[in-house]
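Please read the structure below before turning to the comments.
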Amino acid sequence: MLDTPAPYVLLGLILYFLTFRFYARWIDKKIWETDPNRPTPARMYFDGVEYFPVSKYVLFGYQFKSVAALGPIVGPLTGVLFFGWVPALLWVIFGNMFIGWAQDYSAMMMSVRSEGRSMGPITYKLLGDRARKILLVYLIFYLIIITAVFEWVIIDVLNRVPGTFTAVLFVLFGGVVFGYLIFQRRMDVLVATAVALLIVLVGYFTVALVPAVRQPGTNFLDSPDFFKTYNFDPKLTWPGTATVLFWLVILSILYYISAITPMPRFLLPTVYVGYLPSIIALVLVLLAAIFSPLTGLTIKQQSFTSLYVDPLKNPQGGPLWPILFVTIACGAISGWHSLVSSGLTSKQLEYETDALPVGGGAMMTEGAVALSSIAAIMVLSQPPAGAAAYVQGATLLTGSLLKVPDVYMNILYGIFVTVMGLITSMLFVRVFRLIMAELFEESPLGNKYISPIVILILAGFLALVGSWTNLWIFFGGTNQLLAGLALLLVAIFLSSVKKPSAYVFIPGIFMAITTLAALAWETYVYALYAINNKPIGVQAAAAKLYGQGLVQASNLLSAAFGALLLVLGVVMTYYLITGWAKYRANK
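Structure, rendered in structure tokens:
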């Protein structure tokens, strides 16, 4: 049994349950002292656009689908390929137990106790305007990188798993219908959920039963070199051509709509409906991993590979510390979660006591996604790169247990991965628009209709020619640094109200040091390849299509972004640590 994923998945799930049952509840009761009778911002400032109370059951789905994106899927499986499944498993379990859930829940409670304010205004109140502006500039470049890397991974899955995009359209349509039924017709949540789920299932079975149309593509994703490198047959998505530029345009349209429309009309219900097939897919793969001793699937990956990967021999690696801790990303901890918890969900929390099941519970569930990713990669001997490995591994696990044809499982997990990335990316662009409005109040750059275009152009350029693995590590560094900054900001807030802060301050220091080191490393790698005019990984195929000059420009831009984010991160960390010390001295 020890040579199957079963005991390790069970261990993680049990430890998550014990953490939530005892440690998290202790923090909730003893430090934050949540009170269901204390009015939340959603009830005090109800406006039907940003502030409105939502049932914790719906809000849990919204929170989970908002925070659980491609990070807990691609991060763990990439970490396993880099360093082995034992280091990846340990970080996913213990990172989530002591850092991940604490950040999500605490950022939400900090915002609830600050009238629903997001991190920018809270930073201004606690540390002043200069610190606020530094944080906002950091967030702008962070969101550009995270949007770019998610676009690349989404397009990769759309190209490899036929029918995925058509099925996802049914998910989006189900979201629009659900929003109409709930917010305009005032229909019962369970009835509206059933209608939306029916629409999703119609799309799923329609696509699974219709043969995929294979069309010749013109982008480097369709080149023989690309698929030879990744040991995966090229299958193009039906309908539509499979060029990266084509999908970038389609994704940009969806992102733009989600950024400018009222939350209840499109984004909120779509996020909730996207959660439905995601939970179904997640439960199936976890059950399949637990029952893997019955199906005979054993671990094919190495338990440990190496402590260090030479960047000149393989640019898509590095030292185990800090690279592992940023490669795995959201399965253990994610800075993006603090933006969702403080900037979005806190404005819809009906009762303070809902914060733990919504914030902490959603993060624990995301930890389960990370466990499912490790299980999926464990059973593959020669996995493809990127999210396609999850689709392949999850299909093998669940198909072996349920005896279902691969076509059905491929579509299910193609939907799972794409929806996990697509819907969260919509939120990236919306949050970017809100931050630009806050930073550039009197400028066209802060305009509601102009600012989303900025991120779509810059992120699209990086996604078009970037090396996805290095871009992923870059995203992880910036993302986890934001998590460290958020933890330190919560520590300051707690100190300002005379509450204990060690449970967030210590993890915040660890994450800040680790991620600054990772940012410095990846900036060095991008600069090294840019100076030597060498492509990174799949950029070799991109160079044949677009020219080496464009690829080099992409690497130079990435190196510049890294250097800027590193400087901003160091300065912001200094402000937060000194601010915490000041409030502690006044205790």
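Using this note's numbering, you'd call the opening residue of the sequence shown number 673 and step up by one each time. Even glycine gets a Cβ: it sits at the ideal position worked out from N, Cα and C. Please read all numbers here as calculations on a predicted model, not as lab measurements.
Residue nearest to residue i in terms of C-alpha spacing, selected from the options
| i | options | result |
| --- | --- | --- |
| Ile825 | Leu807, Ala1066 and Leu742 | According to the sequence provided, residue 825 is Val. The question's Ile does not apply to it. Of the candidates Leu807, Ala1066 and Leu742, the one whose C-alpha sits nearest the C-alpha of Val825 is Leu742. |
| Lys728 | Ile806, Ala1027, Ile812 and Gly756 | Ala1027 |
| Lys972 | Trp763, Met1050, Tyr680 and Ala740 | Met1050 |
| Leu966 | Ile1107, Gly1071 and Met859 | Gly1071 |
| Gly846 | Tyr947, Pro708, Ile962 and Tyr928 | Tyr947 |
| Thr1186 | Ile995, Cys1002 and Leu690 | Ile995 |
| Trp1144 | Ile816, Val1041, Ile686 and Leu1160 | Ile816 |
| Ser1053 | Phe770, Met781 and Trp757 | Trp757 |
| Leu923 | Ile794, Thr819 and Pro936 | Thr819 |
| Gly1221 | Gly1234, Lys1206 and Asn1151 | Lys1206 |
| Met1183 | Val784, Leu761, Trp993 and Val1041 | Trp993 |
| Val957 | Asp828, Ala714 and Ile745 | Ile745 |
| Pro1179 | Tyr1062, Ile854, Leu1160 and Tyr1196 | Leu1160 |
| Leu853 | Thr1067, Tyr1062, Arg937 and Ala1192 | Arg937 |
Local Cβ density within 10 Å of residue i, reported as buried at 16 or more and exposed below that
| i | result |
| --- | --- |
| Asn831 | buried |
| Glu1114 | exposed |
| Glu705 | exposed |
| Pro677 | buried |
| Pro941 | buried |
| Tyr688 | buried |
| Phe718 | exposed |
| Val921 | exposed |
| Asn1258 | exposed |
| Lys737 | buried |
| Leu1094 | buried |
| Ile686 | exposed |
| Asn1151 | buried |
| Tyr828 | Just to set this straight, residue 828 is Asp in the shown sequence, not Tyr. Answer is buried; the Cβ neighbour count reaches 16. |
| Gln1064 | buried |
| Thr700 | Just to set this straight, residue 700 is Asp in the shown sequence, not Thr. Answer is buried; the Cβ neighbour count reaches 16. |
| Leu862 | exposed |
| Trp1252 | buried |
| Tyr716 | Checking the sequence shown, residue 716 turns out to be Met, not Tyr. So Met716 ends up on the exposed side. |
Rounded straight-line distance, which links the Cα of residue j to that of residue i
| i | j | result |
| --- | --- | --- |
| Pro896 | Val833 | Confidence in Pro896 is poor, its pLDDT being 34 and thus under 50, which makes the residue's placement unreliable; the coordinate value appears in the next sentence. Their Cα atoms are separated by approximately 17 Å. |
| Ala1174 | Ile1000 | 24 Å |
| Pro991 | Glu1022 | 45 Å |
| Leu1084 | Gly835 | 10 Å |
| Phe997 | Ile1125 | 32 Å |
| Ile1087 | Val872 | 10 Å |
| Phe963 | Gln735 | 29 Å |
| Lys1254 | Leu798 | 11 Å |
| Ser1230 | Lys805 | 22 Å |
| Ser1013 | Asn1204 | 42 Å |
| Val1243 | Leu1188 | 11 Å |
| Leu1238 | Trp773 | 25 Å |
| Tyr723 | Pro1056 | 43 Å |
| Ile952 | Met1081 | 12 Å |
| Leu1166 | Gly800 | 17 Å |
| Pro793 | Ile932 | 22 Å |
| Ile1107 | Ser790 | 10 Å |
| Gly889 | Met782 | In this prediction, Gly889 scores a pLDDT of 38, lower than 50, which makes its location untrustworthy; no coordinate-derived value is stated. |
| Ile1181 | Ser786 | 24 Å |
| Pro679 | Leu761 | 12 Å |
| Phe850 | Phe976 | 46 Å |
| Gly1132 | Pro708 | 44 Å |
| Ala1232 | Thr1067 | 40 Å |
| Pro1029 | Val1176 | 19 Å |
Cβ-Cβ separation, residue j to residue i (assumed contact under 8 Å), whole Å
| i | j | result |
| --- | --- | --- |
| Met1036 | Asn768 | 7 Å |
| Gly1039 | Gly684 | 7 Å |
| Ser930 | Leu939 | 5 Å |
| Glu1110 | Leu808 | 6 Å |
| Thr970 | Asp776 | Incorrect: roughly 34 Å between the Cβ atoms, too far for contact. |
| Tyr1246 | Asn1227 | Actually they are not in contact, since the Cβ atoms of Tyr1246 and Asn1227 sit about 29 Å apart, beyond 8 Å. |
| Ile1127 | Val1101 | 6 Å |
| Leu1248 | Ile1129 | About 32 Å separates the two Cβ atoms, so there is no contact after all. |
| Phe1146 | Gly1234 | 6 Å |
| Leu1043 | Val681 | 5 Å |
| Phe1091 | Val843 | The sequence given here places Val at residue 1091; Phe does not occur at that position. Sure, about 6 Å apart at Cβ, within 8 Å. |
| Gly1033 | Phe692 | 7 Å |
| Leu1200 | Gly1241 | Not quite, the Cβ-Cβ distance comes to about 21 Å (not below 8 Å), so this is no contact. |
Residue-level contact to chain C via CB, residue i, 8 Å cutoff
| i | result |
| --- | --- |
| Phe732 | In the structure shown, chain C cannot be found, because there is only a single protein chain. |
| task | Evaluate contact between the region 1009-1019 and the region 1163-1176, counting only Cβ atoms and requiring at least three cross-stretch pairs below 8 Å. | result | Flag = no, the region 1009-1019 and the region 1163-1176 do not touch.
| field | Meets three-Cβ-pair contact criterion under 8 Å: the region 1116-1130 and the region 859-875 | value | In this structure the region 1116-1130 does not touch the region 859-875; the number of beta carbon pairs closer than 8 Å is below three.
| query | If you pair each beta-carbon of the region 1004-1016 with each one of the region 1146-1159, do three or more pairs fall below 8 Å? | reply | Taking 8 Å as the limit for Cβ pairs, the verdict is that the region 1146-1159 does touch the region 1004-1016.
| query | How about the region 722-736 and the region 1042-1056: do they share at least three Cβ pairs that are nearer than 8 Å? | reply | Taking 8 Å as the limit for Cβ pairs, the verdict is that the region 1042-1056 does not touch the region 722-736.
| task | Could you say if the region 1058-1077 and the region 837-845 meet the contact criterion of at least three C-beta pairs nearer than 8 Å? | result | Cβ pair count under 8 Å is below three, so no.
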